[in-house]
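The numbering of the sequence shown is this note's numbering, which starts it at 46 and goes up by one. Positions of the beta carbon are idealized from the N, C-alpha and C atoms, including for glycine. Given the structure is predicted, the values throughout are model-derived calculations rather than measurements.
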Amino acid sequence: MFRFLILLMVLLCPSVSDAQTPSAELRLTNVQASPGLPVVSRVFLNHTLDCEAFSFGVTHDSAQLTLVDLARGDHLEDATLGGVSPDYLMMEMSPTGGGGYIVGCLFDLTPPITDLVAGEDRELILATYAVDPSATGSTQLEFTAALHIPPVELLVVMQGLEITPTTVSGTIDFITDCNLNGVPDGDDISGGNSVDCDGDGIPDECGFDPALPDCNNDGIPDICESDCNGDLIADPCQPSLDCDDDGVLDSCAIADGLSQDCDLDGLPDECEIAQAQAQDCDLDGIPDACAIDSGAAQDCDINGIPDSCQILAGASDCDLNAILDICQIANGSDSDCDSDGLLDSCAIDLGVAFDCDIDGVLDACEINSGTASDCDLDGLPDDCELASGTATDCDLNGVLDECSIAVDSSLDCDLDGALDSCQIAAGAAEDCNLNGVLDSCDLGNGTSTDGNLNGIPDDCENADFMRGDCNANGAFNIADAIVSLNYLFGQAAVPCLDACDVNDDEVINIADAVYKLGSLFSGGAMPMPPFPQCGQDPSGAENGCDSYGATCP
């Protein structure tokens with residue numbers, strides 16, 4: 046069938062002039078392979094004219110190679126590389142006769158014909174082989190025209206011409222590659238990709254010379270182990286010099302900066318901490334003593350324990366400034382005036398003590414030291430009680446009113462908690478006789494009387510009188526007008542001025558004498574009240590009536 050297609054292609058394609066001498070070459074690549082690993086062989090075509098079709102077979106040694114895959118090369122599928130995807134492509138991995146593979150290809154079956162453009166290194170086929178693990182030496186890959194029935198020819202068709210191509214066989218060299226990376230062991234070692242510390246020509250990853258000493262029986266010869274301190278003894282053979290068992294001697298870890306030795310005793314800090322030879326209370330990997338010595342941690346009470354750790358363990362730092370309270374008290378940066386172990390500032394902030402005047406000193410301490418008074422013994426300085434309005438000092442003598450009263454109860458005769466003197470001064474209580482004692486107390490203790498039971502001491506009230514009776518004889522007549530005039534001109538004194546103020550204008554003058562005469566002789570108005578009965582002046586007491594000699598009915 047394939048042969049028929051080739052003939053058809055020859056008939057369809059124009060012939061080449063006699064002046065042209067077309068040529069073609071099929072070439073297999075040379076490759077290296079590691080026993081047990083797959084290897085890829087490539088088939089390339091060089092041709093001087095555009096190619097319409099080709100066919101070939103390739104044989105291999107089945108004892109060392111097993112064909113596992115055939116795939117198109119770049120120029121049978123990628124037009125961007127000048128390739129062409131063929132209309133017909135046959136790749137047979139198991140041809141009759143075995144031991145190889147066959148390929149037949151026609152690029153285009155219908156006009157206009159699209160061919161593989163002339164050129165070199167046209168990649169046609171990729172053949173993948175599995176390499177036998179015991180393969181050695183090398184093996185050949187050969188082009189052949191003897192595979193399959195009927196046999197597939199070695200043939201390249203170019204512009205209608207059937208050309209038998211020249212061929213170049215391929216070789217697969219089996220290399221010594223113990224790590225199966227596709228690189229000969231010797232090249233791995235010489236190129237630095239592998240190490241051969243014991244010099245046996247085999248990369249170390251593939252094994253060591255078993256005859257060499259191995260002090261720790263780890264399968265690695267001592268000569269290949271680290272000797273960081275240069276004492277010609279493999280480091281793994283000196284476990285006592287590696288406190289943390291990390292494979293690096295302590296001295297080397299310190300010298301290389303991998304470990305710290307803050308106290309310069311030759312032991313890494315982490316080992317001293319792990320073995321409880323040094324304390325590291327804050328788990329920062331630095332022994333406490335070193336942290337304190339370097340200033341990285343504070344130890345204000347000089348007990349060898351960083352303050353931060355003592356605070357975490359419950360030591361008091363009430364103001365959260367990372368300094369122990371006892372140290373602040375000791376250095377005077379804060380006080381504890383009541384010696385309760387709690388900073389005064391914290392006691393104030395926590396509300397367990399008070400500083401009412403906000404001077405930073407506890408009220409209790411100011412009271413105890415005498416810098417503040419607390420006359421009522423309620424624990425609050427008197428000044429604060431006055432400032433807050435919870436206590437008074439109405440006489441401004443610096444002593445709480447309640448304390449003044451407690452010392453002398455007579456200062457508050459009505460027992461209402463307020464000084465009598467302040468009540469009088471403020472007008473909140475009366476002291477009509479100006480004896481410094483509330484009128485209510487004068488009445489209460491009998492010092493004053495209140496005959497009319499009006500709450501005013503009698504000695505503070507005017508006497509009852511009859512208006513117009515200026516001479517206080519109990520009658521209203523012309524004699525009263527005469528006495529009034531005598532009083533005005535300094536000829537006589539009167540005991541009750543209100544009685545002479547007949548018109549009740551709170552002024553005694555000649556108008557009163559005229560008013561009296563008018564009432565008596567010309568039908569004028571009668572005197573203002575009280576009249577004709579005795580009584581108090583209803584309009585005020587500007588003049589007053591200290592006494593009224595007549596007997597009131």
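- Of Asp381, Val88, Gly236, the smallest CA-CA separation from Cys410 is found for Asp381.
- Within the stretch 58-145, the runs of beta strand (DSSP E) that reach at least 3 residues and sit entirely inside it are, in chain order, 69-73, 76-78, 83-92, 96-104, 110-117, 133-137.
- For Ala180 and Phe219, the gap between their C-alpha atoms comes out near 7 Å.
- The closest CA to that of Asp95, considering only Pro140, Leu71, Gly164, is found on Gly164.
- Pairing Asp249 with Asp241, the inter-Cα distance amounts to about 5 Å.
- Taking a contact to require three or more Cβ pairs closer than 8 Å, the stretch 361-374 and the stretch 389-405 qualify as touching.
- In the three-state DSSP reduction, Cys363 falls in the coil class, being neither helix nor strand.
- If you draw a straight line from the Cα of Leu134 to the Cα of Leu82, it comes to about 28 Å.
- When only Cα atoms are considered, Gly292 and Asp280 end up about 7 Å apart.
- By the criterion of at least three beta-carbon pairs nearer than 8 Å, the stretch 585-594 is not in contact with the stretch 556-565.
- In chain order, Leu456, Asp457, Gly462, Leu464 place their CB closer than 8 Å to the CB of Ile450, counting only its own chain and leaving out the 5 sequence neighbours on each side.
- Counting along the chain, Glu430 sits inside no beta strand (DSSP E); it lies in the alpha helix (DSSP H) bounded by residues 427-433.
- Non-local beta-carbon contacts of Gln373 in its own chain, meaning distances under 7 Å to residues more than five positions away in sequence, involve Asp379, Leu388 in chain order.
- Distance from the CA atom of Val528 to the CA atom of Asn516, rounded to whole angstroms, is 6 Å.
- In the structure shown, the three-state DSSP call for Asp459 is coil.
- Taking a 10 Å sphere around the C-beta of Ile553, we find 16 or more other C-beta atoms and assign the residue as buried.
- Put simply, the backbone Cα of Asp263 is about 50 Å away from that of Gly143.
- Residue Cys541 holds the alpha-carbon nearest to the alpha-carbon of Arg512 among Gly500, Ile158, Cys541.
- Residue burial is scored here from C-beta neighbours: Thr184 has at least 16 other C-beta atoms within 10 angstroms and is therefore classed as buried.
- In the structure shown, Tyr174 falls within a strand segment according to DSSP collapsed to helix, strand and coil.
- For the pair Phe99 and Leu200, the CB atoms are nearer than the 8 Å cut-off.
- Thr104 counts as buried, since at least 16 other C-beta atoms from the protein chains shown sit within 10 angstroms of its C-beta.
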